[in-house]
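Heads up: the structure comes next, in structure tokens.
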Amino acid sequence: MAATRYDVAVIGAGVFGAWIAWHLAHSGQRVLLVDQYGPAHTRASSGGETRVIRMAYGSDAIYTRLAQSSLRQWQALFAAVGRPELFQRTGVLWMARRGHAAAEQSLSVLTDAAVDHQVLDAAELRKRYPQIAVPDDGWAIFEPTSGGLLARRAVQAVVADAIRKGVMLVQEQILPVSGIGRLAALRSTSGRTLHADRHVLACGPWLGKLLPDLLGPRIFPTRQEVCYFGIPAGDTRFGAAQMPTWMDFDREWYGLPDIEGRGFKLACDVHGPLIDPDIAERTASVAGIAAAREFVARRFPALAGAPLIAAEVCQYENTSNGDFLIDQHPDYDNLWIAGGGSGHGFKHGPAVGEYLSGLWLATARRSRASVWQASRPCRGGRSIDRGLASEGGKSIARERAPTVPARTYGDL
């Protein structure tokens with residue numbers, strides 16, 4: 037029997053791969069979706085319970101526009117499949133101190149993009165959120181329509197709907213790709229050959245393993261620790277009804293309220309050590325838990341001494357500057373790459389899927405890929421305008437990166 041041939045094989049059933057498959061299937065393509073561990077598994081960058089979806093990105097309007105598009109698509113999908121609870125509209129509170137450049141830049145971009153937002157001074161912050169310790173020179177940006185995504189279940193909902201649209205899902209581990217010209221097929225460790233006219237690798241921290249020569253120097257998976265603290269009995273101030281999803285511009289911490297009784301979640305955006313996503317032990321460190329305790333006691337005094345009720349280790353799949361990698365492989369005319377989420381990619385899954393499928397189906401300009409080229413020179417330094425303090429946390433190389441000019445979505 038001849039092997040089934042697909043229009044597109046998508047490798048990786050995380051948020052990028054799931055939405056790429058969904059958009060292609062929605063456009064009538066025959067799609068094969070492959071993941072070595074299954075959709076939104078625990079070792080994936082798309083695993084875990086929750087992710088933030090927010091609009092502010094310092095001066096970089098590209099990602100603000102992407103987030104706007106993605107939020108609309110997330111909500112439309114959740115409504116269509118009867119799962120509106122997968123988006124928790126908690127609002128997002130960006131806390132800063134007077135004179136913080138990235139916060140000021142965010143205000144300008146949010147205004148230009150017509151994003152609903154409010155500016156709160158220290159007095160208003162204390163009045164609205166008395167459970168948060170606010171310095172005298174503190175202020176905040178509040179995005180009332182943003183919030184949290186129930187990550188693992190959200191990806192699984194996308195995959196389930198893609199399957200209903202005709203996508204074939206298989207669990208296989210793909211072998212590294214080598215050669216030049218046209219990729220005839222992908223092969224798995226089980227000996228299976230997967231045939232497609234086009235292929236896209238959307239496998240997050242595994243991209244460097246599948247394309248070691250091209251992406252080994254460009255994808256840096258780092259270990260990131262997440263803590264959940266128990267809220268006091270009978271205290272509703274830290275639940276989603278009274279506590280927003282929040283970001284601290286100055287100290288690079290972020291978190292979500294107690295959702296579904298999971299506890300008060302917080303994590304540090306500073307990049308951790310390198311990690312191998314296949315073999316790394318996922319046990320939080322004593323130092324990481326202590327740092328989380330110190331921060332939560334300072335910012336949220338009522339949680340000082342709160343018990344740690346869960347801790348997780350996930351990873352960021354970082355590029356050297358925090359931009360995504362979405363591009364055609366320079367040595368193959370039918371192999372594409374979609375990755376480099378860099379700790380901020382989850383929210384953008386719908387727009388990334390729409391963008392890449394649009395390139396293939398001639399509904400988007402090919403020139404848009406230039407900012408996300410996989411062949412662009414590697415740059416050391418800290419990410420610019422992607423993370424909480426507009427520098428996305430510390431990158432692998434500890435030097436300052438060249439300044440990236442402000443861009444808009446239309447420039448892509």
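Just so you know, this note's numbering puts the end of the sequence shown at 448, numbered straight through with nothing missing. Where is the CB? At the ideal position from N, CA and C, for every residue including glycine.
For the pair G50 and A80, the CB atoms are nearer than the 8 Å cut-off. Excluding its 5 nearest sequence neighbours in each direction, R223 has C-beta neighbours in its own chain below 8 Å: I210, L211, T229 and L230, listed in chain order. Judged by beta-carbon spacing, T281 lies within the 8 Å limit of T126, meaning their Cβ atoms are closer than that value. Bridge pairing for F300: F265 [DSSP].
Cα atoms of Q207 and R133: separation of roughly 48 Å, rounded to the nearest angstrom.
Shortest Cα-Cα distance from P120 to any of G183, L102 and L129 involves G183. Pairing G381 with F178 gives a Cβ-Cβ distance that is not under 8 Å. Distance from A92 to P75 at the Cβ level is roughly 29 Å; contact not present, criterion being Cβ atoms closer than 8 Å. Secondary structure of Y99 (DSSP, three-state): helix.
Taking C-beta atoms as the reference points, G291 and A303 count as a pair closer than 8 Å. Counting along the chain, Q192 sits inside the alpha helix (DSSP H) bounded by residues A187 to R200. Going by C-alpha positions, D152 is about 45 Å away from V213.
In this structure, K383 is the residue among T147, R298, K383 and P248 with its C-alpha nearest to the C-alpha of Q109. Our two residues, I216 and A238, have alpha carbons roughly 19 Å apart in a direct line. Three or more Cβ pairs closer than 8 Å define a contact, and the segment 366-382 falls short of that threshold against the segment 295-302. Just so you know, the alpha carbons of L129 and G266 end up roughly 21 Å apart.
Looking at H59, Y73, A97 and A45, the one whose alpha-carbon comes closest to that of D359 is A97. Within the segment 310-398, the runs of beta strand (DSSP E) that reach at least 3 residues and sit entirely inside it are, in chain order, 344-354, 361-364 and 371-375.
The count of Cβ pairs closer than 8 Å, one atom from the segment 330-348 and one from the segment 238-252, stays below three, leaving the stretches out of contact. Separation of V44 and Q104 (C-alpha to C-alpha, rounded to the nearest whole angstrom) is 27 Å. Under a 10 Å Cβ-count criterion, K301 is classified as buried, with 16 or more other Cβ atoms of the shown protein chains found around its own Cβ.
Segment contact: the segment 191-203 against the segment 59-67, three or more CB-CB distances shorter than 8 Å; contact assigned. In this structure, E348 sits near V262, with a CB-CB distance shorter than 8 Å. Secondary structure note for A159: its alpha helix (DSSP H) is the uninterrupted segment A158 to R164. Every unbroken stretch of the alpha helix (DSSP H) spanning 4 or more residues and falling wholly within the segment 214-273 is given here in chain order: 243-246 and 248-251.
Looking at the backbone, the Cα of R66 and that of A232 are separated by about 9 Å. Between the alpha carbons of A115 and A193 lies a gap of roughly 11 Å.
Spatial neighbours of F336 in its own chain (CB-CB distance under 8 Å, excluding positions within 5 residues in sequence) are listed in chain order as Q167, I168, A169, F274 and F300. Taken in chain order, the unbroken stretches of alpha helix (DSSP H) that lie wholly in the segment 124-152 and span 4 residues or more are 137-148.
The beta carbon of D172 is closer than 7 Å to those of A158 in its chain, skipping five residues each way along the sequence. Judged by DSSP in its simplified three-state form, G275 adopts strand. Rounded to the nearest angstrom, the gap between the Cα atoms of Y368 and F256 is 23 Å. With at least 16 other beta carbons inside 10 angstroms of its own, R101 counts as buried. When only Cα atoms are considered, A137 and L397 end up about 40 Å apart. With distances taken between CA atoms, R218 lies nearest to Q364 out of Q364, R334 and R329. When the five nearest sequence neighbours on each side are left out, the beta carbons in the same chain lying within less than 7 Å of the beta carbon of T181 are those of R125 and D152, in order along the chain.
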